[in-house]
Amino acid sequence: MKNHIFSPGKLLITSEYFVLDGALALAVPTKLGQDFYWKEIEDGNSLVYWEALHEGKPWLLVVINYKNWEIVSTNLPESAAFVLKVLKNVQKLSETRFQSDATYKIRTNLQFPGNFGLGSSSTLMNNLAEFSTIDAFLLNEISLGGSGYDIAVAQEKSAILYQNNPRLIEKVEFKPKFAKDLILIHLNQKQDSREGIAAFRSREKSIYLRNLFSEITKKVLECEKIEDFSELMLLHERELSKFLNVKMIKDKCFKDCPSFVKSLGAWGGDFVLASKFGDYKKYFSHNNYHNVFDWESLVY
0 MKNHIFSPGK
10 LLITSEYFVL
20 DGALALAVPT
30 KLGQDFYWKE
40 IEDGNSLVYW
50 EALHEGKPWL
60 LVVINYKNWE
70 IVSTNLPESA
80 AFVLKVLKNV
90 QKLSETRFQS
100 DATYKIRTNL
110 QFPGNFGLGS
120 SSTLMNNLAE
130 FSTIDAFLLN
140 EISLGGSGYD
150 IAVAQEKSAI
160 LYQNNPRLIE
170 KVEFKPKFAK
180 DLILIHLNQK
190 QDSREGIAAF
200 RSREKSIYLR
210 NLFSEITKKV
220 LECEKIEDFS
230 ELMLLHEREL
240 SKFLNVKMIK
250 DKCFKDCPSF
260 VKSLGAWGGD
270 FVLASKFGDY
280 KKYFSHNNYH
290 NVFDWESLVY
């Protein structure tokens with residue numbers, strides 16, 4: 000299929016959770032993302048042939064009749080139902096896609112493991128929005144919810160400063176001098192961000208922390224030394240831990256780690272950020288964390 004769209008994944012460096020309440024956040028794109036290929040055939044059948052690959056391997060196959068929005072066939076009913084729901088939303092918002100009786104052949108390829116939390120949903124939302132010439136933020140809002148920072152990263156394909164209500168997106172250069180000293184470690188599990196958001200919403204808002212995390216975000220961009228960056232990461236982690244009443248990931252899993260360890264995104268899963276030390280690869284491997292990436296190998 001010659002028609003191709005690509006959206007990068009994302010990592011939220013600052014203001015997790017509080018970005019929902021308007022804190023200024025820093026987010027960066029990843030080199031891995033999601034491909035989207037399509038072909039439109041004027042045959043009068045009103046079908047969608049959807050093939051989803053994970054790292055190039057077949058994962059989901061679904062055939063949908065979009066005249067009556069029925070799943071004709073699939074190998075994964077729950078995932079197929081989600082695709083149907085999202086495509087219905089695309090039809091509502093688009094003036095062109097799924098409006099006639101053409102058949103669509105669509106193939107997606109998620110370039111990273113589904114449990115990495117790098118944005119399997121946001122990259123899909125952005126690809127579908129570009130495919131159908133609709134507002135990606137609106138499609139994401141009615142399909143999934145969330146702050147929308149991940150959509151902004153997918154659109155801009157750049158590090159961004161992001162603020163919600165009203166939405167502010169500013170492309171920034173975030174290539175710190177100490178980038179070669181940073182590492183990203185996957186925690187071997189996927190955190191449900193919607194559960195995390197619900198827990199966050201159940202607590203009283205903190206204007207103090209919203210402002211503090213916004214200031215930390217600004218200072219992070221100005222950092223020239225790893226020591227200063229480490230202090231900011233530790234402060235961010237400590238204050239959010241108190242607010243959420245959740246143990247810091249370092250206290251929970253890496254007590255003897257000589258580096259700061261900061262959660263990225265929803266707490267309890269996905270990636271954490273740290274800095275290199277001694278034989279750091281051996282340390283994390285010994286603790287059964289084998290997915291350790293240099294910053295520059297993963298971040299776009």
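For what it's worth, numbering that gives the first Met the number 0 labels the leading residue of the sequence shown as 0, then goes sequentially. Ideal Cβ placement from N, Cα and C applies to all residues, glycine included.
- When C-alpha distances from S78 are compared across W58, K275 and A24, the shortest belongs to W58.
- If the five residues before and after D149 are omitted, its C-beta is found closer than 7 Å to the C-beta atoms of K9, G118 and S121, all from its own chain and listed in chain order.
- Per the coordinates, the alpha-carbon of G264 lies some 9 Å from the alpha-carbon of V271.
- Per DSSP, the unbroken alpha helix (DSSP H) holding I141 starts and ends at A135 to S142.
- In the same chain as K275, and ignoring 5 residues on each side of it, the C-beta atoms closer than 7 Å to its own belong to D180 and I182, in chain order.
- Collapsing the DSSP output to three states places G32 in a strand.
- Comparing C-alpha distances from Y288 to each of Y279, P7 and R202 shows the shortest one belongs to Y279.
- If you draw a 10 Å sphere on the C-beta of S258, you find 16 or more other C-beta atoms in it, and that means buried.
- Inter-segment contact for the stretch 19-26 and the stretch 126-139 is absent: fewer than three beta-carbon pairs are separated by less than 8 Å.
- Of the other Cβ atoms in all chains shown, 16 or more fall within 10 Å of the Cβ of S146; this residue is therefore buried.
- Checking the DSSP bridge columns, you'll see Y288 has no partner listed.
- Of the candidates L86, K174, E238 and M232, E238 places its Cα closest to the Cα of Y207.
- Here DSSP, grouped into helix, strand and coil, assigns L167 to strand.
- For the pair V85 and S142, the CB atoms are nearer than the 7 Å cut-off.
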